[in-house]
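Engineer: Just so you know, we're using our numbering here: the sequence shown kicks off at 414 and counts up by one. Glycine included, every Cβ here is placed at the ideal spot set by N, Cα and C. Note that the coordinates shown come from a computational prediction; the quantities given were computed from them, not determined experimentally.
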Amino acid sequence: METNQHVDRNLKRAASNLGQYEFILNWYKINGKALLDEETLSNLSIDTLLKILGDPIWNDIYHCWAIEKKHIPALQTYTQHTFKPDTFTYFIEVYHHTS
414 METNQHVDRN
424 LKRAASNLGQ
434 YEFILNWYKI
444 NGKALLDEET
454 LSNLSIDTLL
464 KILGDPIWND
474 IYHCWAIEKK
484 HIPALQTYTQ
494 HTFKPDTFTY
504 FIEVYHHTS
């Protein structure tokens with residue numbers, strides 16, 4: 414088998430396992446422990462989110478990142494919730510569903 418054939422087969426297999434990503438914005442009262450609310454974000458891609466967050470480590474299965482004030486302007490277009498960083502602490506969870 415030629416090397417290129419092996420690589421092509423692996424790329425096709427990886428592409429078929431891409432699956433769907435689910436993005437959930439969570440918010441908590443500052444210094445609070447109880448989840449106040451959450452919203453599923455649509456029209457957001459994993460590539461866009463990673464770029465907004467400055468290319469953090471991503472394990473391609475699940476991750477949760479804290480949202481900083483500097484991220485809010487870029488993320489606001491993807492949510493109906495109006496960010497209130499002086500009142501709430503925000504996190505985005507990402508789930509990669511492969512089946």
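(1) Which residues mark the beginning and the end of the alpha helix (DSSP H) in which D460 is found?
(2) For E451 versus I437, is the C-beta spacing smaller than 8 Å?
(3) Taking its Cβ as the centre, do 16 or more other Cβ atoms sit within 10 Å of H510, making it buried, or is it exposed?
(4) Can you tell me the Cα-Cα spacing of L463 and P498, whole angstroms?
(5) Taking the Cβ atom as the reference point for each residue, do N439 and F504 lie within a distance shorter than 8 Å?
(6) Span of the alpha helix (DSSP H) holding I485?
(7) Roughly how many whole angstroms lie between the Cα atoms of L488 and I470?
Structural biologist: In brief:
(1) Along the sequence shown, read from residue 1 onward, the residue named residue 460 stands at position 47. Run containing D460: 459 to 465, per the alpha helix (DSSP H) assignment.
(2) Position 38 of the sequence shown, counted from the first residue, corresponds to residue 451. Position 24 of the sequence shown, counted from the first residue, corresponds to residue 437. Yes, Cβ-Cβ distance for E451 and I437 is below 8 Å.
(3) Here residue 510 refers to the residue found at position 97 of the sequence shown. By the 10 Å Cβ count, H510 comes out exposed.
(4) Here residue 463 is taken as the residue at index 50 of the sequence shown, counted from 1. Here residue 498 is taken as the residue at index 85 of the sequence shown, counted from 1. Each residue's Cα considered, the two are about 20 Å apart.
(5) Stepping through the sequence shown from its first residue, residue 439 is reached at position 26. Stepping through the sequence shown from its first residue, residue 504 is reached at position 91. Taking 8 Å as the cut-off, the Cβ atoms of N439 and F504 count as close.
(6) The residue you call residue 485 lines up with position 72 of the sequence shown. It spans 485 to 488 - the alpha helix (DSSP H) in which I485 sits, taken as one unbroken run.
(7) As a first step, residue 488 must be located in the sequence shown, where it is residue number 75. As a first step, residue 470 must be located in the sequence shown, where it is residue number 57. Roughly 19 Å separates the two Cα atoms.
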